[in-house]
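K.L.:
Got a structure here, written out as structure tokens. Questions coming.
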Amino acid sequence: MGLRIRTNVQSLVSQRHLSASSKAVAAQTEKLSSGYRINKGADDAAGFAIAEALKGDIRSLAQARRNANDAVSLVEVAEGGLDEINNIMIRLRELTVQAASDTIGTRERTYLNEEFMALKDEIDRIAISTEFNGTRLLTGQKELDPVLLAEHNYSPLEIQVGKDYFPGPDALSAPNPVDIIRLNLGNLNASTDGENSLGLGSAQNSEGTRIDNKVSAQSAIVVIDNAMDKVASYRGSLGAIQNRFQSTDRNLGIQIEALSAARSRIKDADFAAESAELSQQNILQQAGAAVLAQANQLPNIALKLLQ
């Protein structure tokens, strides 16, 4: 090969290889510092697209899991309200049985009836005050929006609690139709459309359930038993829904783990392999710099021929 001073081909070749090794060192440094094998589309176009799609799925599933946990909390609040209503119903039955006895007189029944009416109003108050995030759960004033479980093969679960609640002194009396709770879970419907939910009436309604005389007290026993059966049925439905949400939460957790592992295998850097590659590129970079220095000295040899 002849000696030329206008074009140093060896220097150009050395510069090209040095530039390539320097870019490789920069790329390996980025991978090791970020922990990702793929930091941009240029690193691996197909892998980048798959990893980003998996990231979206994981984020959606994580939000769905939070939704399911919020739904569990909602159901627990509603069940707590029903539990207190059930305790009141037990006391109402106790008063009713006592009022139906021949061993007490009219005055005693009047006292028992006053407590009976007050407890019925307390049921109404509990129904109004049982709320979750500003939504009344036991009055039916608002049907809850479907709970989004996920975008992947999950049908929305609609929960409607209460139906056609009418506030006021006659809130628990006919003809006002009141549902303590209404649940829609697929084909499950635990409502009593068009009926007074507990059938107790209110303190202000003369046709409502009362225990101020023996005959009324005896009739009230059946009414209260039916009301307690309804409350128990509603609580059972809530329990089934809570179990479903808890199962959904576990399933979503498993899916998140699987998708996260898949994304990690695609996107995350293998530190053993990447550090070995960095060492190799560092050596090539240093060698390229040394060779370039030698190539840049070639024109000086031609000058010596002129001496």
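Counting from 1, position 175 in the sequence shown corresponds to residue 168 in my numbering; the numbering is continuous, with no gaps.
For every residue, glycine included, the Cβ atom is placed at its ideal position computed from N, Cα and C.
Among all the DSSP beta bridges, which residues are the ones paired with T128?
P.N.:
According to DSSP, which records beta bridges pairwise, T128 is partnered with F125.
K.L.:
Is it buried or exposed for K223, if we count other Cβ within 10 angstroms and need 16 for buried?
P.N.:
buried
K.L.:
On a Cα-Cα basis, can you pick out the residue from E270, V284, R203 that is closest to V90?
P.N.:
V90 has its Cα closest to that of R203, out of E270, V284, R203.
K.L.:
Pairing CB atoms from the stretch 241 to 253 with CB atoms from the stretch 45 to 63, are three or more of them under 8 Å?
P.N.:
yes
K.L.:
Taking the alpha helix (DSSP H) that I249 belongs to, which residues open and close that run?
P.N.:
207 to 260
K.L.:
With C-beta atoms as the reference, is T128 less than 8 Å away from I121?
P.N.:
no
K.L.:
Pull up the distance between the alpha-carbon of N79 and that of A225, whole angstroms please.
P.N.:
Computed Cα separation, rounded: 8 Å.
K.L.:
Give me the Cβ distance between A17 and Q274, rounded to the nearest whole Å; I'm assuming they're in contact under 8 Å.
P.N.:
The beta-carbon distance between A17 and Q274, rounded to whole angstroms, is 4 Å. This is short enough to meet the 8 Å contact definition.
K.L.:
Note the first and the last residue of the continuous alpha helix (DSSP H) segment covering A64.
P.N.:
38 to 92
K.L.:
For the pair the stretch 252 to 271 and the stretch 99 to 109, tell me if three or more CB-CB distances fall below 8 Å.
P.N.:
no
K.L.:
Which residues share a DSSP beta bridge with Y104?
P.N.:
According to DSSP, which records beta bridges pairwise, Y104 is partnered with nothing at all.
K.L.:
For the alpha helix (DSSP H) containing L(-4), list its first residue and its last residue.
P.N.:
No alpha helix (DSSP H) contains L(-4), which DSSP labels as neither H nor E.
K.L.:
So, for K33: in the same chain, excluding its five sequence neighbours on each side, which residues have a beta-carbon less than 8 Å away from its beta-carbon?
P.N.:
The residues are F41.
K.L.:
Can you grab the Cα-Cα spacing for the pair L20 / A266, in whole Å?
P.N.:
Note that residue 20 corresponds to Ala in the displayed sequence, not to Leu. Distance between the alpha carbons of A20 and A266: 13 Å.
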